[in-house]
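In the working numbering, the protein residues as written are 13 to 522.
Structure below.
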């Protein structure tokens, strides 16, 4: 607790209200964040210190709020920071440049000051202007949006989360000798730049992927098939959707399907496709590429007679370790007491579950911090948790012991950020908020960031995975998390009380 108080004092914060360094970081009131400017000349921006091989898996889910007018999108990912891409009025540029997500970062003089090669930190990497791999026609104006490793939310209340999934086809980008021009990062950016609702975002991404070709995170490594597919959750204030995408069999196009989440339901995805049967006549709840059935039948993934199941046809190998199934099942069981995560012994999960009661943002944050507490998979129990119930199971080597495994929790220590997007259908002003938490969910404070803001607080956008920094929210939360996890049974209740107090105060103000 002393450490928490010192971090507050360091930043002049009231320790009775905010027990860690970075709740507000800067004055994030609606009055100061709500101003909106259109700048000519700003361009795509990305995390300047995204140096390492952070193509990590993620879990995310969709739910509706306790007053039925707000959608939540929750997400956990590995990366240090977020930033804001400014809206643009295009005056002279006639093409939109496409970049490869697998480069360390997209740097250039047209991308805003944070990504100017003259200003980026060169201690760990010799940054130069990033070379685009392709181009497409540009539109006359674009919307502003928040992004981290992946795009998060735009100023028209479209939000998304991402989860890499195994798939049966792999394609290469044009920069790697292939024919595909777009990965899921660029598709997401295009959607947030150009659309104002979830349906339009899906239609745009699907059409672009079919036209210009889609490729996954890796294409020439043993893990290529494990990373070939993608799942996105796309939400606006009135609808929530799940999108699945993979390359087609030519390497020059894409296969995709999207399913709408029923009202009063929760849906989750965790590195494995979850959309199963498709009702092609129900256009209110399903969207898909025209090639979904033909390619599956041509390759023997479907016999053309049985009911078509997208996951059976196009997903990767079965989830034998239950790494995906347990996370999805746990989300559903937390929202619906009739779903028992202890029985999730296979991967034939249903797409969504009806919630017992409509959820609050605090419920969604609690789900993000879960370690299977109270189930037979409880990571705070057993010899591996040590004498003080540490739920973290560190990967200390690349070696495979050949047998056994630790479960993977939703609230994983490897996360470098987590967020809950809150999309309010009743208010068209500043009530669409990304509640952003650097570092692991169980050690972070969810900080409100307004989608109409044109800048992100320095404490949230600053930091490198290669250097500890007391001015970075990620590193302060990591410091607290590392200390607290070693005596988890005794220290975490103190951290949890601080989280609840601080986040409740933030919710009351926003």
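Quick reminder that beta carbons are idealized off the backbone N, C-alpha and C, glycines included.
Assigned with DSSP and collapsed to three states, residue 246 falls in strand.
Rounded to whole angstroms, the separation of the alpha carbons of residue 194 and residue 229 is 11 Å. Between the C-alpha atoms of residue 152 and residue 120 there is a straight-line separation of about 21 Å. When 465, 472, 452, 460 are compared, the shortest CA-CA separation from residue 508 is found for 452. With a beta-carbon spacing of about 39 Å, residue 258 and residue 130 fall beyond the 8 Å limit used to define contacts. Of all C-beta pairs linking the region 263-277 to the region 155-173, fewer than three are shorter than 8 Å, placing the two stretches out of contact. Residue 252 sits in a strand when the DSSP states are folded into three classes. For a cut-off of 8 Å, the C-beta gap from residue 382 to residue 420 is around 11 Å, too long to register as a contact. Around the C-beta of residue 147, fewer than 16 other C-beta atoms lie within 10 Å, and the residue is accordingly described as exposed. Annotation for residue 317: no beta strand (DSSP E) segment contains it, and DSSP assigns it neither H nor E. For residue 177, the secondary structure class from DSSP, reduced to helix, strand or coil, is strand. The three-state reading of DSSP puts residue 505 in helix, counting H, G and I together. Secondary structure at residue 494: helix, using DSSP grouped into helix, strand and coil. Counting only residues of its own chain and dropping the five nearest sequence neighbours on each side, residue 261 has a CB closer than 8 Å to the CB of 181, 307, 310, 311. In the DSSP secondary-structure assignment, residue 268 is bridged to 257. Distance from the Cα of residue 107 is smallest, within the candidate group 140, 150, 335, 118, for 150. Shown here for residue 511: same chain residues with a beta carbon closer than 7 Å to its own, the five before and five after excluded, namely 457 in chain order. Note on residue 168: 16 or more other CB atoms within 10 angstroms of its CB, so buried under the neighbour-count rule.
Looking at 444, 316, 216, 376, the one whose alpha-carbon comes closest to that of residue 250 is 444.
Counting along the chain, residue 462 sits inside the beta strand (DSSP E) bounded by residues 459-462.
Residue burial annotation: residue 408 is exposed, with fewer than 16 other C-beta atoms found within 10 angstroms of its C-beta. With contacts defined as CB atoms closer than 8 Å, residue 484 and residue 475 qualify as a contacting pair. Counting only residues of its own chain and dropping the five nearest sequence neighbours on each side, residue 291 has a CB closer than 6 Å to the CB of 298. Residue range 335-347 is occupied by the alpha helix (DSSP H) that includes residue 343, with no beta strand (DSSP E) assigned at that position. Around the beta-carbon of residue 386, fewer than 16 other beta-carbon atoms lie within 10 Å, marking it exposed. Beta-bridge partners of residue 277 (DSSP): 366.
With a cutoff of 8 Å on beta-carbon distance, residue 336 and residue 288 are scored as not near each other. Residue pairing by DSSP puts residue 159 in a beta bridge opposite 95, 163. Taking C-beta separations shorter than 8 Å and ignoring five residues to either side along the sequence, the partners of residue 499 in its chain run 400, following chain order. For the pair residue 210 and residue 158, the CB atoms are not nearer than the 8 Å cut-off.
Here the C-alpha atom of residue 466 lies approximately 53 Å from the C-alpha atom of residue 317.
Note that the C-beta distance between residue 344 and residue 280 is below 8 Å.
Beta-bridge pairing by DSSP links residue 293 to no other residue.
The secondary-structure analysis by DSSP pairs residue 109 across a beta bridge with 147.
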